[in-house]
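In what follows, a single structure is set out as structure tokens and then discussed.
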Ligand SMILES: Cc1cc2nc3c(=O)[nH]c(=O)nc-3n(C[C@H](O)[C@H](O)[C@H](O)COP(=O)(O)OP(=O)(O)OC[C@H]3O[C@@H](n4cnc5c(N)ncnc54)[C@H](O)[C@@H]3O)c2cc1C
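Numbering (this note's numbering), first residue to last: 41 to 477.
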């Protein structure tokens, strides 16, 4: 077993595996080893995702990252005939008048228009006709609605070029394509404990590297010995800090727990009717829908005849330094006490129906909700997708590959170009993202 490669990619989540694929495709002569601490690719946060994809962002950079990635996913499914169970059911943001008129929402719409991102505004009357059983207005005497600060639904922004897919299948696609090109077998169940930092060049003296020497990460330490490489790609999601901090490189990310609860629609005629809401897209089922209050959202899963219910809670949920094992347990009380009361108020069809399953993972936030792709001391860091890493994975991977090749610009799927320093720390050129869930 050789322990020297041109590139070692640490992390086989959707971002690591997409990066490994693009690197191998564009650098066929290079040996690339993919390493993950779990037994298979895509088993950490990628597997816990709601896997919705949208190009409806407020930052032009996020629009481009997602728009081009979504186009690539459609290409995989439609042209390469690799089924991702991708459905373009759309995204539906339900809004009160106050929210709709907020300057940040106006700016969001203007930026989408400028970038040619399609969207449509719906008004209350039309929404009521299309969506069965949705409460748009609460009566004046509704104390529960008042207590929970529930906003009325007066408008909606609908994005037709958005949808949902199966993240496991997306990971399978990238893995299959990577394995076709690579001569190196990935190593799973192999945690990386440290990055190896060495003097460049080494004088062979004890105690190196000294402060006056140039330093470079030259490999990784694992429970099975050291592995050396010219370049390390770090795609470790919310564990990035634990590997970068000991060598003094900051990754600027924080983790936050997110959970999903699965509610069956079958056997509940009103929920089935809601799931198969017609009128928004050709798919004939409800778009990925975000309620105007408390960050509660729902994804219809027609194959399972169920809904996945999530919540983008903000203040109150702790930021974590790195993901811990208990973060993977969903909290039933969180659904019961926080999400259910809101959900069942807007959609009474959910009343008295309870989750049959649940799962949890973590978002890996950057400070401006845009990803990081940068190179420092021999490490290419690809992280900080801020809760939308499935939908940005392909573009992030192409940027990481262009950075590796020393290109000034990366070509994204569809031909649009992005400077490779756009998502760096030192020369970051992005608008802060306002539309996060
Ligand atoms: C509830 C929930 C809902 C979400 N919904 C959406 C959504 O609708 N759309 C969307 O686009 N995104 C969504 N996301 C976010 C999305 O899942 C992530 O952005 C994406 O999976 C990030 O991919 P990744 O490869 O960076 O991370 P991960 O999938 O976490 O992969 C990181 C990998 O690194 C490995 N690793 C870490 N440390 C080490 C080490 N020391 N040694 C070896 N291996 C290591 C891990 O085992 C893991 O496999 C959601 C996330 C959650 C939790």
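The C-beta atom is built at its ideal place from N, Cα and C for all residues, glycine as well. Just so it is clear, the structure is predicted and the values come from calculations on it, not from any experiment.
Tell me where the alpha helix (DSSP H) around residue i begins and ends.
i           : result
residue 241 : No alpha helix (DSSP H) contains residue 241, which DSSP labels as neither H nor E.
residue 450 : From DSSP, residue 450 is part of no alpha helix (DSSP H) but of the beta strand (DSSP E) over 449 to 451.
residue 44  : Premise fails: residue 44 lies in the beta strand (DSSP E), 44 to 50, not in any alpha helix (DSSP H).
residue 68  : Taken as a continuous stretch (DSSP letters only), residue 68 belongs to no alpha helix (DSSP H), as it is neither H nor E.
residue 385 : 380 to 386
residue 211 : 207 to 221
What does the alpha-carbon distance come out to for the pair residue i and residue j?
i           : j           : result
residue 277 : residue 169 : 42 Å
residue 367 : residue 245 : 44 Å
residue 464 : residue 406 : 12 Å
residue 266 : residue 196 : 54 Å
residue 54  : residue 101 : 20 Å
residue 383 : residue 390 : 7 Å
residue 291 : residue 51  : 15 Å
residue 319 : residue 312 : 15 Å
residue 356 : residue 378 : 12 Å
residue 130 : residue 97  : 14 Å
residue 45  : residue 225 : 12 Å
residue 160 : residue 300 : 28 Å
residue 223 : residue 373 : 48 Å
residue 99  : residue 476 : 11 Å
Residue i and residue j look like a contact to me (Cβ under 8 Å); what is the Cβ gap, rounded to whole Å?
i           : j           : result
residue 58  : residue 437 : 4 Å
residue 316 : residue 324 : 6 Å
residue 453 : residue 111 : 5 Å
residue 192 : residue 178 : 7 Å
residue 400 : residue 370 : 4 Å
residue 418 : residue 233 : That belief does not hold up - the Cβ atoms of residue 418 and residue 233 are roughly 18 Å apart, past 8 Å.
Give the secondary structure of residue i by DSSP, where H, G and I count as helix, E and B as strand, and everything else as coil.
i           : result
residue 348 : strand
residue 25  : No information on residue 25 is available, as it lies outside the stretch 41 to 477 that the chain covers here.
residue 135 : strand
residue 432 : helix
residue 440 : helix
residue 427 : coil
residue 361 : coil
residue 233 : strand
residue 416 : strand
residue 114 : helix
residue 56  : helix
residue 400 : strand
residue 468 : coil
residue 372 : helix
So residue i is in the beta strand (DSSP E); what residue range does that whole segment cover?
i           : result
residue 357 : First-last for residue 357: undefined, no H or E at that position.
residue 457 : 457 to 459
residue 130 : Neither: residue 130 is in no beta strand (DSSP E) and is coded neither H nor E.
* Ordered list of alpha helix (DSSP H) runs contained in the stretch 146 to 200, each at least 4 residues -> 164 to 170 and 183 to 187
* Asked: Unbroken beta strand (DSSP E) runs of length 3 or more, entirely within the stretch 253 to 341: which are they?
  -> 255 to 262, 265 to 274, 294 to 304, 328 to 330 and 336 to 341
* Enumerate, from N- to C-terminal direction, the unbroken alpha helix (DSSP H) stretches of 4 or more residues contained entirely within the stretch 76 to 105. => none
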